[in-house]
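Visitor: First, the structure itself, so that you have it in front of you.
Protein chains in written order, with my numbering: chain A, 318 to 705; chain B, 318 to 705.
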């Protein structure tokens, strides 16, 4: 196990009706002038926006609004938000929505107290200072409600890049599973896939003796495998929604990744897919992750066999561990299909001829991505090929 | 699942050598005048105290000391600490040691900013204000390094009682598994038992649909069952010590208990044992928990069968789930014996004739303790009897 620091100071308010206390939380964490940042009409149509505004008004907190966040959130709106915050003296950003709204809010929060171009943070500069951020989560997926990360796409060149830093962790997150009940089945499945991917990026590691975090990863995956079919059968199954929503946070606040080298190649490889085709991140991950597994599993057959046995209930083939490893990957792929996720380029609508461009866009040069197996541009091309 | 809040803001610095940065952490969290609070000679003999002092001096932080914390920490020393803090203008309490030193430090931290008797908090008053607390942990057991709880014994009547409140969560905890390597085997096993008990107090619940927290509880128990024998064979097994130490924190920062009714009867029943005989809390729990299980398992045979199958690897007897439930309890008891814990009064040195007095000391009156099954004084007596 490697040395680590773990700091997850976000206050999580979980359960029915908690959004009605949003104003209290903003006040508790010192917000006085709020920018409400959100996406499209569902937040308005559902009445959620009204409930949140009412709770702010009850506490005497003033606010302005900036809607229009798109999936794979863009830098254009971020610049707009930063300018707005500076002009209006905003001291607190409240994101309502899923990962896109929260990530966009984080970019604004960092840019509003920075003299340079906020994109610097998405080129590697660590975020040490930002306006305070609160969230009202409506999609179980990105885990951004408890993470120090943000991903933004720059229109110029359609570059999708991530920023990170403790200052980006929300001070509070409101998590009411009821708010996720109206999410379409496809988006629900994309979210579940994203959560699983966050766990697997941490699970496949070369660090030895991380039994505890292994077990926590497996526990979270087992939960998702059991609860996912329930919400597809009954989108209003509160209990299943609740288990998935909380798992989505735990999967990405890094409790499951401490003390170990993490991989994150599949996320990078997927980002080029969603940047180019504007597909849902979760759907792209469903296409990339099984292909990545098929490409790298020989690097550590035992770990993939453990994944197969403990997560997918495969019986260990002691005479042929590789068969067990492959069975685990196959069951994972079957699971993705069972929740109506695409598992190849054709199903996603991606094109073979774009492969060299996407691999090139990762800008690995002579370098590599990933840690479990270090992948060159050539390797990345082969993984895209395996996903055709 | 029930509504809940989760807030675990402690900064955890985990791994080799981290104690040498204690001064930096104190500074980071605003401490300027520190009371170092600790137990006996091992902290001095090992050189740990010197390393911590050096790190404080390096940051120009002044400190005073108060040693002498005993297992099952007493109110007498707490009063002394409170007076010292008030006289010397202390603004930060640094506990070095295990749960006893940390719990005593928490009591001092609360009492130092309170006009009344600190014992009020141990009679039910919630702690809302306290001096900041940091810890350098040397025993994996109590989980006090990440919890908002403290347990103190009042000499008068030997009453052992708990206090709680967000202000009691340490702002940072240094966790270096090497510091636990010199712990005697018996204390190591007591710690492991205490950690398991913290999980099981949360696991046995009447709240339905808590699949995710169930899985996290099981993951943590599975880790302890696998790692415990390793440290008894080789006390210097860093990796096993590390997995156990981190599991001890996760077991008690309440991640494993959110959204569900928790039990805590066994802790209450045990507290009378350790208050009367001054035995180790973990040893007392090893005696009480199997007896509690035998007394209550019929209340929810399915849950005990799940415990048996998922945690103890029992095969489910579908024709006779009760047999599976009982097998799980038996395996738990065997495990405790395998790590040299006492599992009955005789082995602990407790006396049958003290049972009525201990049950009476819980002061249940016409009330009950526990939630999984609500236990009267008569029930508690029967559980003690089952542990003879």
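The C-beta atom is built at its ideal place from N, Cα and C for all residues, glycine as well.
Note that the coordinates shown come from a computational prediction; the quantities given were computed from them, not determined experimentally.
On the DSSP bridge list, what partners appear for residue 573 of chain B?
Guide: For residue 573 of chain B, which the question treats as bridged, DSSP gives no partner whatsoever.
Visitor: Taking the runs of the alpha helix (DSSP H) that are 4 residues or longer, which of them lie wholly in the segment 374-444 of chain A?
Guide: 392-405, 416-428
Visitor: Hey, residue 603 of chain B and residue 660 of chain B are a contact pair by Cβ (cut 8 Å); roughly how many whole angstroms apart?
Guide: Going by Cβ atoms, the distance from residue 603 of chain B to residue 660 of chain B rounds to 6 Å, so yes, they are a contact pair.
Visitor: Can you list, in chain order, the residues of its chain with a C-beta nearer than 8 Å to that of residue 645 of chain B? Leave out the 5 residues immediately preceding and following it.
Guide: 621, 622, 624, 625, 626, 628, 629, 631
Visitor: Taking the straight line between their C-alpha atoms, what separation do you get for residue 505 of chain B and residue 654 of chain B?
Guide: 14 Å
Visitor: Between residue 634 of chain B and the rest of its own chain, which residues show a CB-CB distance below 7 Å, the 5 nearest in sequence each way excluded?
Guide: Closer than 7 Å at Cβ, skipping near neighbours: 640, 641.
Visitor: Quick test of the definition: if touching needs 3 or more C-beta pairs under 8 Å, does the segment 579-596 of chain A touch the segment 341-352 of chain B?
Guide: Not touching, per the Cβ criterion.
Visitor: At the 8 Å Cβ level, is residue 703 of chain A part of the contact set with chain B, yes or no?
Guide: no
Visitor: Using the C-alpha atoms, what's the distance from residue 531 of chain A back to residue 367 of chain B?
Guide: 36 Å
Visitor: As a quick exercise: from A/575, A/652, A/636, pick the residue whose alpha carbon is nearest that of residue 527 of chain A.
Guide: A/575
Visitor: Assuming residue 652 of chain A and residue 542 of chain A make a contact with CB atoms under 8 Å, what is their CB distance in whole Å?
Guide: Taking C-beta atoms under 8 Å as the contact rule, residue 652 of chain A and residue 542 of chain A qualify, at a distance of about 6 Å.
Visitor: Residues of chain B with a CB under 8 Å from the CB of residue 333 of chain A: which are they?
Guide: The contacting residues are 320.
Visitor: What residues in the segment 552-571 of chain B have a beta carbon less than 7 Å from any beta carbon of chain A?
Guide: 556, 559, 560, 563, 564
Visitor: Are residue 491 of chain B and residue 450 of chain B closer than 8 Å when you measure CB to CB?
Guide: No.
Visitor: Per DSSP, what kind of secondary structure is residue 466 of chain A in: helix, strand or coil?
Guide: strand
Visitor: Count the C-beta pairs between the segment 409-426 of chain B and the segment 459-474 of chain B that are closer than 8 Å, then say yes if the count reaches three, no if not.
Guide: Touching, yes, given that three or more Cβ pairs across the two stretches are closer than 8 Å.
Visitor: Between residue 509 of chain A and the rest of its own chain, which residues show a CB-CB distance below 7 Å, the 5 nearest in sequence each way excluded?
Guide: 541, 545, 561, 656
Visitor: Closer than 7 Å, Cβ to Cβ, to anything on chain A: give me those residues from the segment 663-687 of chain B, in chain order.
Guide: Residues: none.
Visitor: Using only alpha-carbon positions, find the residue among B/600, B/402, B/477 that is nearest to residue 507 of chain B.
Guide: B/600
Visitor: So residue 537 of chain B is in the alpha helix (DSSP H); what residue range does that whole segment cover?
Guide: 528-550
Visitor: Work out the CA separation of residue 425 of chain A and residue 435 of chain A for me, nearest whole Å.
Guide: Answer to the nearest angstrom: the Cα atoms are 8 Å apart.
Visitor: Would you verify that the beta carbon of residue 342 of chain B is, or is not, closer than 8 Å to some beta carbon of chain A?
Guide: no
Visitor: State yes or no: is the beta carbon of residue 390 of chain A nearer than 8 Å to at least one beta carbon in chain C?
Guide: You won't find chain C in this structure, because its protein chains are A and B.
Visitor: On the premise that residue 394 of chain A lies in contact with residue 421 of chain A, defined as a C-beta separation below 8 Å, what is that separation, rounded to the nearest angstrom?
Guide: 6 Å
Visitor: Check the DSSP bridge columns for residue 343 of chain B and list the partner residues they point to.
Guide: In DSSP, residue 343 of chain B forms no bridge with anything.
Visitor: If you compare alpha carbons, which of B/325, B/681, B/668 is closest to residue 594 of chain B?
Guide: B/668
Visitor: Are the beta-carbon atoms of residue 518 of chain A and residue 580 of chain A separated by less than 8 Å?
Guide: Taking 8 Å as the Cβ cut-off, residue 518 of chain A and residue 580 of chain A qualify as a contacting pair.
Visitor: Mind listing which residues of the segment 427-460 of chain A have their C-beta closer than 7 Å to chain B's C-betas, in chain order?
Guide: none
Visitor: With 8 Å as the threshold, decide whether the Cβ of residue 536 of chain B is near any Cβ in chain A.
Guide: With respect to chain A, the C-beta atom of residue 536 of chain B has a partner C-beta closer than 8 Å.
Visitor: Which same chain residues, not among the five before or five after residue 318 of chain A, have their C-beta less than 6 Å away from its C-beta?
Guide: 526, 527, 576
Visitor: Please report the distance separating the alpha-carbon of residue 498 of chain B from that of residue 552 of chain B.
Guide: 6 Å
Visitor: May I ask you to list, following chain order, the residues of the segment 539-552 of chain A that have a beta carbon less than 8 Å from some beta carbon of chain B?
Guide: 539, 540, 543, 544
Visitor: Can you tell me which of the three DSSP states residue 363 of chain A falls into?
Guide: coil
Visitor: Quick check on residue 452 of chain A: does DSSP put it in helix, strand or coil?
Guide: strand
Visitor: Should residue 392 of chain A be labelled buried (16 or more other beta-carbon atoms within 10 Å of its own) or exposed?
Guide: buried
Visitor: With contact counted as at least three CB pairs below 8 Å, one residue from each stretch, are the segment 696-704 of chain B and the segment 672-684 of chain B in contact?
Guide: yes
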